[in-house]
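Written out below as C-alpha cells is the structure these notes cover.
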Amino acid sequence: MFSLTAVSAFGAPLDLQGLMSGKVTLKSAGKLAFGPDGVLFVGDSVDGKVVALDTGDRAEVKSAPVLDIRGINHKIAAALGTTQDRILIDDVIVNPISKKIYISASRGRGPDAVPVILRMDSTGKLTELSLDKINYSVAVLPNPIAADAKTERDVAAATVAKKAQQPLYVKVNTSAPNDRGTLRQYAISDMAYHNGALYVAGLSNEEFSSSFRVIPFPFPDKVQEETGVLMYHSSHGRFETNSPIRTFVITNLENQPTIFAAYTCSPVVKIPMTQMKPGGAVRGVTVTELGGGSTPLDMIVYRKAAKNYILIASTRSVFNAIQRLPLDGMDRAVELTSGFPDAGGVPFEVVPGLEGVVQMDKYDANNILLVSDVNGSLDLRTIPTP
7 MFSLTAVSAF
17 GAPLDLQGLM
27 SGKVTLKSAG
37 KLAFGPDGVL
47 FVGDSVDGKV
57 VALDTGDRAE
67 VKSAPVLDIR
77 GINHKIAAAL
87 GTTQDRILID
97 DVIVNPISKK
107 IYISASRGRG
117 PDAVPVILRM
127 DSTGKLTELS
137 LDKINYSVAV
147 LPNPIAADAK
157 TERDVAAATV
167 AKKAQQPLYV
177 KVNTSAPNDR
187 GTLRQYAISD
197 MAYHNGALYV
207 AGLSNEEFSS
217 SFRVIPFPFP
227 DKVQEETGVL
237 MYHSSHGRFE
247 TNSPIRTFVI
257 TNLENQPTIF
267 AAYTCSPVVK
277 IPMTQMKPGG
287 AVRGVTVTEL
297 GGGSTPLDMI
307 VYRKAAKNYI
317 LIASTRSVFN
327 AIQRLPLDGM
337 DRAVELTSGF
347 PDAGGVPFEV
357 VPGLEGVVQM
367 DKYDANNILL
377 VSDVNGSLDL
387 RTIPTP
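Here this note's numbering = 1-based position in the sequence shown + 6.
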C-alpha cells in the first residue's frame, strides 16, 4: 500500500517559543522548505547553516486561486531596484497554508551579491521578507564540503595542464553568492520537512560525502553527524558515494518512510529512511535512469485517479522536460546495477507541452506550481496535475 504524507508530515501545531528574536544574516539563500505553522527553512550553503524563519504567514486559504503571472524575473528585478540580468533566482516554493509564493534570490551577481527572501501574492505583488527583526533559529552543519573543494573534472583538467606545463584557465560561473561552479553549492542541495525533522541533502567532508542530515525542529544545540549514501550510478557504471543529490521527495512506500532522490546524469534512487543512522551509511536502490546528460531540477509526489506518481522536472537534451514516474509497485522495482543505459529501470513518460520548466512545487491536492523559461521571461503559473 502506498500513502502520501504531504499533509501528515507537518503534524501538530509547533511551539515557537524556542525561536529567538533579532537580525538574521545570510551569506547565501539557496534551497527553501516549509515546516509547520509558516516556518520557512532557508539553506545557506556558503555559511554551512540552515536558518528557520517565522514568517507569521499562517492565514489558511481553503480555495487557492489560479495563478498566471508573466515575467517574474522582471518583477523581482524591479522590486529590488535593478535589472533582470543583475538578479538570480535560486528557489521558488509554496506556503502550503496561505498559498503565497516564497522566492530565494540575490540582488547583484558575484561575491558581493546580497541574498534576499521574497513573498508573492496571487496578484503578483512582491514584498521582501525583512530579516532585520524576526523570530528565527539556526542549525550549523558539521563538516560541510570544503569551500575550495574541486570536482573530479576540475582535478582532471588541472592534472592535464600540469603534465603539459601549460597554465590552467578554468571558467567558473561566479554569478551567484553561493559559489556556483564549486562543490560548495552542494553543501545544501535540497531540503524537506517530515514528521518533526528537517531532512537536508548535501555534500560533506566525509568519505561518504553524499549524505543526509536529519535535524529535529525546533533545532537542537548541536546537529548530529550525517548519514552517508551509497548508490549505483547507472550512467557512470559504478557505485558512488560522492555524487550530489539534486532533489528529493519523502513519502510512504508499503507503510515505510522512503526517500526518492534524483542525481545528476541522472539516476533516481530509493532510500529506506529507517536505515539512516547518524555517522553511518545507507545503501540506496537505483530504480530508474532519466537519461545521460539530464539534470534533475525539482520533484513532487502526488495522487491522481487512484494512482500515485513522482513528477520530475529536469533538463533533457536541449530542452527542459517533465517526466512522470509511477510509484505504485515501486517496492518491487528491480535495482539497476550494471550497464550504461541511456534510460532504464522503472519506465517513465515525458509529459508533453511542459517544456522549459525550471522550478516546480505542489500547489494543492489537484494543482502544481510551475516556473517556465519562455524566451528569457520566467513565467509562473498553476496547472492541474498531469
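Idealized CB from N, CA, C, for every residue including glycine. Just so you know, these numbers come straight off a predicted model, no measurement behind them.
Can you have a look at residue i and say buried or exposed, based on whether 16 or more other CB atoms are within 10 angstroms of its CB?
i, result
"N6", "In the structure displayed, the chain extends from 7 to 392; residue 6 sits before or after that span and is not available."
"V136", "Reading the sequence as shown, one finds Ser at residue 136 and not Val. Label assigned to S136: exposed."
"S27", "exposed"
"P71", "exposed"
"R244", "exposed"
"D227", "exposed"
"D91", "exposed"
"P117", "exposed"
"Y199", "buried"
"E295", "buried"
"D74", "exposed"
"N326", "buried"
"V235", "buried"
"A312", "exposed"
"T31", "exposed"
"S216", "buried"
"G62", "exposed"
"A268", "buried"
"A286", "Checking the sequence shown, residue 286 turns out to be Gly, not Ala. Its Cβ having fewer than 16 others within 10 Å, G286 is exposed."
Kindly indicate which three-state DSSP category residue i falls into: helix, strand or coil?
i, result
"N258", "strand"
"P282", "Strictly speaking, residue 282 in this sequence is Met, with Pro absent from that position. Correct three-state label for M282: coil."
"V176", "Confidence at V176 is low in this model, with a pLDDT of 24, below 50, so its placement is unreliable and the value that follows should be read with caution. The answer is coil: DSSP assigns V176 none of H, G, I, E or B."
"R393", "A question about residue 393 goes unanswered here, because the residues of the chain that appear run from 7 up to 392."
"T388", "strand"
"N79", "helix"
"A267", "strand"
"R330", "strand"
"A12", "Because A12 carries a pLDDT of 36, less than 50, the predicted location of this residue cannot be relied on, and the following value inherits that uncertainty. It is coil, neither helix nor strand."
"A339", "coil"
"A371", "coil"
"L25", "coil"
"P273", "strand"
"P302", "strand"
"P42", "helix"
"R64", "coil"
Checking 7 Å against the spacing of the C-beta atoms, do residue i and residue j come in under that value?
i, j, result
"R190", "S51", "yes"
"D379", "G362", "yes"
"T253", "F214", "no"
"A35", "V48", "yes"
"A145", "V56", "yes"
"Y192", "L209", "yes"
"K37", "M197", "yes"
"T292", "V275", "yes"
"I95", "R64", "no"
"M237", "G290", "yes"
"Y315", "P302", "no"
"G24", "P222", "no"
"R115", "V122", "no"
"S240", "P273", "yes"
"K68", "D53", "no"
"N149", "D60", "no"
"A83", "I93", "yes"
"L124", "I109", "yes"
"Y369", "V120", "no"
"G351", "L360", "no"
Excluding sequence positions up to five away, which residues of its chain have a Cβ less than 6 Å from the Cβ of residue i?
i, result
"D138", "K29"
"M126", "I107 and L132"
"N79", "Q90 and L384"
"E355", "R330"
"V377", "V98, V364, Q365, L384 and L386"
"A207", "S195, D196, F218, I251 and F254"
"S143", "L25, A58 and F225"
"A319", "L303, D304, I328, V363 and M366"
"K105", "V67 and A70"
"A155", "L189"
So, at 7 Å on beta carbons, what are the nonlocal neighbours of residue i in its own chain, with the 5 sequence-adjacent residues on each side left out?
i, result
"M282", "F218, V220, T233 and V288"
"M279", "P263, T264 and I265"
"T391", "Y308, K310, N372, N373 and I374"
"H242", "none"
"R76", "S383 and D385"
Tell me which same chain residues have a C-beta within less than 8 Å of the C-beta of residue i, skipping the five on either side of it?
i, result
"R338", "none"
"Y175", "Interpretation of Y175 is limited by its pLDDT of 24, a score under 50 that renders its predicted location unreliable; no figure is taken from the coordinates."
"I151", "L189, R190, Y192, A193, G208, L209, S210, N211 and S215"
Beta strand (DSSP E) runs wholly inside the region 72 to 157, at least 3 long, in chain order
93 to 100, 107 to 113, 120 to 126, 132 to 134 and 140 to 146
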